[in-house]
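One structure below.
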Amino acid sequence: MSDRDQVRVRFAPSPTGYFHVGGARTALFNWIYARQRGGVFVLRIEDTDRERSTEESVSYFIDGLKWLGLDWDEGPFFQAKNRPKHEAAAAELLGAGHAYRCFCTPEELAAEKARAVAEKRSWKCPGGCRDRQSADAKRRSEAGEPSVVRFRVPEGERIEFVDMVYGPNVKEAADIEDFVILRSDGSPLYNLSVVVDDADMGITHVIRGQDHLSNTPKQILLYRALGKEVPCFGHLPLILAPNKSKLSKRKHGEIVSLPFYREKGILPEAFCNFLALLGWSPGAEDEVLGMKELIEKFDLSKVNKSNAVFDYRGGDERNWTDPKAIAINGRYISAMDLDDLVPLVRERLEEAGIWRDEFAGEKAAWFRSAIDLVRERFRTLCDFATLGRPYFSDDFEMEEKAVRKNLGKEGLAGLLEALAGRLGGVTPFDAEHVEEAVRAFAAERDVKPGLIINAARTALTGTNVGPSMFHVFELLGQEKTVQRLKAAEAYVAGA
RNA sequence: GCCGCUAUCGUCUAGGGGUUAGGACGCCUGGUUCUCAGCCAGGUAACCGGGGUUCGAAUCCCCGUAGCGGUACCA
């Protein structure tokens, strides 16, 4: 459709609320498309709804895009500032006979529409405004009679276009009503504004939600009437709630809003990865794809035509959002560059109030290895401050279940105290030597090593899961090991 | 109501006129002579319904159904 060689795409949110995950995916797909085609990614804020647009909302989009790593090349442009151009376009259309003034009142229109529906026929303007002489219309308008401007949909035409996702589309002009492009107060409507702006900004590929698919023929008509080149269109399937209804914050809570994922310890790259998989798939290959791989492998023409369900279950603490998003995040945490992870963990510990400056000073190397030891089984950044708390702070909780399971066993009385004494003498205090000592100790006492090891796990970390215990001993060090073993004696059954 | 789009395991999806219909996530089971929420191995589970075309249909066509979108002086 377009032979302009520089690809120009845009993300055009309307700042009337939060940054929806579906919007995030639209932005991502636009960004990827621009990056893989060496094109330009434009950010345009569609703030023409003055009543509902807020500056706060604008910042949600700016912050969200930055967080995701979707850097834009031009903008942000504000659509409201282009209003003079929209009005000029309407005047041009009016002058060329592509549009006309309609003097019907909303009441007349509603009545006619109700009749049309009842009689199962198509809707038309009851006042015959379409056929009115323009001079006459001009006179009435200047006399102060309120009117809207409607686009004159050409008769007998058929609008065809090839959507990059949905393929060939055909729409009979007869099925399109003469839509309003200017309100009675003179303000432009969406269909006019987008077309004018997209043409003005030289957008070559319009990639947006599928909810705009049915409006596309109207927009194509506008491009033609305005003598502008029609861009390529690519519509994206929607992201739905588990009951297949629209995913909205009002009904589904913060699970649909982007900042929630940052708070919950999701990594932006992992989230983009997950989002890309909603409607698209790399085939038989690994689904874990970083931004670079996404740019390499993503193919807009292979995006699904059917809507995707965002699989979250309310009330499930472990799977608080789509479990796939969490699983992918876990893989990023395990595999990412440790240097990138360290500062992120620091933030979380600071928020939790358990950060200590020495972690960035004399214990920096220790801090790194602590993170490296525990990260494999963590799935979000939050886990470092919660599940990981015993590694970074002495103030941690003894889980009841773990205490019962590992410290509630027969024959443990006095053992931990004795073990503490024994480990207090181990030098050097590393995994290898501690293991030797622990196993020797178990043999002497004639108990299974597992009994001691698991009891120690709970004594040292308050839980019953974690990395290999000998690494934990080494990481926590001799002093804490001895301390915590002794302290745990109080939890041993019968103590 | 009218116009349009869509339909493969619970979810995301691959595939597509002849396949044991593949993968990922979830879930379940076993292993991991130290745990498991980690790791490894295995398992569970699907082509919306009905017609048609065809030697053969999950795949192509039609109808139905359902979901979604549009049908605004919202974007």
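Taking my numbering, the leading residue of the first sequence gets 1, the next gets one more, and so forth. Beta carbons: idealized from backbone N, C-alpha and C, even for Gly. In this text, all values refer to a predicted model and were calculated from it rather than measured experimentally.
- Compute the beta-carbon to beta-carbon distance between V403 and Y491, rounded to the nearest angstrom, for a pair I have assumed lies under 8 Å. That pair is a contact at about 5 Å.
- Task: Evaluate L407 with the Cβ neighbour count: other Cβ atoms within 10 Å of its Cβ, from every protein chain shown; 16 or more gives buried, anything less gives exposed.
- Result: Around the beta carbon of L407, 16 or more other beta carbons sit within 10 angstroms, so the residue counts as buried.
- Where F77 sits in the DSSP three-state scheme: F77: strand per DSSP, three-state reduction.
- Item | Beta-carbon contacts of Q483 that lie in its chain and below 6 Å, excluding the five residues immediately before and after | Nothing meets the Cβ criterion.
- Message: Could you check whether G234 and V170 sit closer than 8 Å to each other, using their CB atoms as the reference points?
- Response: Contact annotation: V170 and G234 have beta-carbon atoms that are not nearer than 8 Å.
- Message: Just verifying my parser: in three-state terms, what is the DSSP assignment at D163?
- Response: Correct three-state label for D163: strand.
- CB of P237 within 8 Å of CB of V309, strictly: Taking a C-beta distance under 8 Å as the contact criterion, P237 and V309 do not qualify as a contact pair.
- Message: Suppose you measure from the CA of P15 to the CA of R44; what does that come to, to the nearest Å?
- Response: CA-CA distance, P15 to R44, rounds to 10 Å.
- Runs of alpha helix (DSSP H) lying entirely within the region 59-113, each at least 4 residues, in chain order: DSSP assignment within the region 59-113 yields the following whole alpha helix (DSSP H) runs of 4 residues or more, N-terminal first: 83-95.
- Task: Measuring alpha carbon to alpha carbon, tell me which of T26, L300, F473 and V9 ends up nearest V42.
- Result: Checked all of T26, L300, F473 and V9; the closest Cα to V42 is V9.
- Message: Below 8 Å on the Cβ atoms is my contact criterion, and I expect S147 with R83 to pass it. Report the Cβ-Cβ distance as a whole number of Å.
- Response: Rounded to whole angstroms, the Cβ separation of S147 and R83 is 19 Å, and the two are not in contact under 8 Å.
- Task: At 4 residues or longer, and completely inside the region 375-460: list those alpha helix (DSSP H) runs for me, N to C.
- Result: Positions of the alpha helix (DSSP H) runs, each at least 4 residues long and wholly inside the region 375-460, are given as 382-385, 389-392, 415-423 and 431-445 in order along the chain.
- S57 burial status per 10 Å Cβ neighbour count (16 or more: buried): Per the 10 Å Cβ criterion, buried.
- Message: Taking a contact to mean a Cβ-Cβ separation below 8 Å, would you say L222 touches F151 in this structure?
- Response: Yes, these two residues count as a Cβ contact at 8 Å.
- Does the region 372-390 touch the region 434-444, meaning 3 or more C-beta pairs lie closer than 8 Å? Look at the beta carbons and you see the region 434-444 not touching the region 372-390: under three pairs across the two are nearer than 8 Å.
- Task: Could you work out which residue in A284, L475 and H252 is closest to D311 when comparing CA atoms only?
- Result: Comparing alpha-carbon positions, the option among A284, L475 and H252 lying closest to D311 turns out to be H252.
- S245 versus N307, R35 and E444, residue with shortest Cα-Cα distance: Comparing Cα-Cα distances from S245 to each of N307, R35 and E444, the minimum goes to N307.
- By the 10 Å Cβ neighbour count, where 16 or more other Cβ atoms means buried, how is L338 classified, buried or exposed? Burial call: exposed.
- Rounded separation between E119 and I220 - CA only: Approximately 30 Å between the Cα atoms of the pair.
- Mind checking whether T502 and R208 have CB atoms under 8 Å apart? In the structure as shown, the chain begins at 1 and stops at 495. Residue 502 is therefore absent and cannot be evaluated.
- Item | Member of F441, R318, R379 and T321 whose CA lies at the smallest distance from the CA of A335 | Among F441, R318, R379 and T321, the Cα nearest to that of A335 belongs to R379.
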